[in-house]
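Last residue of the sequence shown: 359 (the UniProt record's numbering), numbering continuous.
Glycine included, every Cβ here is placed at the ideal spot set by N, Cα and C.
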Amino acid sequence: MIVSIKPVTETGHDLVSLGEVMVRFDPGETRIARTRSFTVWEGGGEYNVARGLRRCFGMKTAIVTALVDNPVGRLVEDLMLQGGVDLRHVLWSKFDSIGRESRNGIYFLERGFGRRGAVGMMDRGHTAISQVKPGEIDWDRIFTHARWFHTGGVMAALSEGSTAVVLEAMLAAKRHGVVVSFDANYRPSLWKERGGRRGAVEVNRMLAEHVDVFFGHDGDLSAELGKSSQGPAWHTVESFGEMAQNVIRDFPGLKVLATTMRRVHSASSNDWGAFGYANGTVAEGIRYNDLEIFDRVGGGDSFASGLIYGLLMGRELKWSLDCGVAHGALAMLTPGDSSMATLAEVEGLMAGDGAGVKR
């Protein structure tokens, strides 16, 4: 087994995620500034992983987050209930009737098409989860029967307090023998007031000391930890292996490194794949060249949930990477942040199934 994972229990969770969950407003085929209607989804990097593991892979998952108790917060709750993720650890803040003290996050996303790239606009300042402080969540109770803990750079970036809560949760997870995964997920808008990329690297390096499975994106795994980056060009297995060894020398506690790889031809066509490292072994996942994209948001989160599923099931690194790549690809072929795929579809895509009508 690549990572040591606690056995399944009837009362426990296969995975617990910590992160912000927002309402996504989707204008469909038109523009944010021109639409007269939106479709709404729930979304958030860390939550998407828990939802994908629950809905596609049938694992028992939970989300730790905070919401304001008003109709928007209850909308997020209703959407999450449809996702099947356990909500017992959601913290509810009192609504002050204006939103001056605390708010629920929302964001707007244009999918993009052809040469017009996707556009996202966040409205997530002063949200309930960004105000949670260490000591407010009983991590020892949560992790007593949990197997895996997942969080990421988005949660860590929300505030100084959020960074402290992430560290607190990681330390508690390690005390209880829970596997810890972290998706660096750098967002320039969130780090603008906290030192930009340099500030994110400092936090990532501090947290990486307590991480078992570290996720990067588009080959930038080294840059996330302050190492030299080889840029966005598609790596070879050999060059990724060298980069992974460079990271492991600084952080010997890391057991698995994984990064998605994406070459963008247009908003509607990407090459998509991944590399991984574990126990001295380097592997490349299945690659989809010229993958037609419907909605690219959430592809990396679905990759993470697919790879975590493989590791939870005791599968080898190559199989887990393939599962993540296939699940991420399917997530980008449907609207919304979250996966709508089934395990049979993921396994079919891994096996090379075509796109013909299935009757």
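Could you give the DSSP three-state label for Arg100: helix, strand or coil? coil
Pick helix, strand or coil for Arg115, following the three-state DSSP scheme. coil
Quick check on the DSSP output: the alpha helix (DSSP H) that includes Ser305 runs from which residue to which? 299-312
What is the DSSP secondary structure of Arg359, reduced to helix, strand or coil? Only weak support is given to the placement of Arg359: the predicted model assigns it a pLDDT of 41, under 50, and the value that follows is read from those uncertain coordinates. Note: Arg359 maps to coil in three-state DSSP.
Thr236, enclosing beta strand (DSSP E) - first and last residue: Counting along the chain, Thr236 falls outside any beta strand (DSSP E), and DSSP gives it neither H nor E.
What do you reckon, are the CB atoms on Val23 and Val40 nearer than 8 angstroms? yes
Take Thr342 as the anchor and find which of Ser266, Gly306, Glu101 has the nearest alpha-carbon. The candidate whose alpha carbon is nearest that of Thr342 is Gly306.
Does DSSP put Tyr47 in a helix, a strand or coil? helix
By the 10 Å Cβ neighbour count, where 16 or more other Cβ atoms means buried, how is Tyr320 classified, buried or exposed? The sequence shown places Ser at residue 320, not Tyr. Answer is buried; the Cβ neighbour count reaches 16.
May I ask which residues mark the beginning and end of the alpha helix (DSSP H) holding Asn270? First-last for Asn270: 269-278, but that is the beta strand (DSSP E), not the alpha helix (DSSP H).
Quick check: His145 and Gly12, are their CB atoms within less than 8 angstroms of each other? Yes, the Cβ-Cβ distance between His145 and Gly12 is below 8 angstroms.
Where does residue 363 land, buried or exposed, given buried means 16+ other C-beta within 10 angstroms? For residue 363 there is no data in the structure shown, the boundaries of the chain being 1 and 359.
Between the Cα of Gly244 and the Cα atoms of Met261, Asp271, Gly280, Arg197, which residue gives the shortest distance? It is worth fixing the name first, because residue 244 is Ala in this sequence and not Gly. Ala244 has its Cα closest to that of Gly280, out of Met261, Asp271, Gly280, Arg197.
Enclosing beta strand (DSSP E) for Ile63 [first to last residue]: For Ile63, the enclosing beta strand (DSSP E) stretches over residues 61-64.
Using the C-alpha atoms, what's the distance from His176 back to Ile32? 45 angstroms
Are there 16 or more other CB atoms within 10 angstroms of the CB of Ser93, so buried, or fewer, so exposed? buried
Ala172 to Glu193, Cα distance in whole Å? 28 angstroms
Start-to-end residues for the beta strand (DSSP E) that takes in Glu284: 281-284
Output the residue ranges of the alpha helix (DSSP H) runs that lie fully inside the segment 125-183 and measure 4 residues or longer, sorted by chain position. 139-143, 153-157, 160-175
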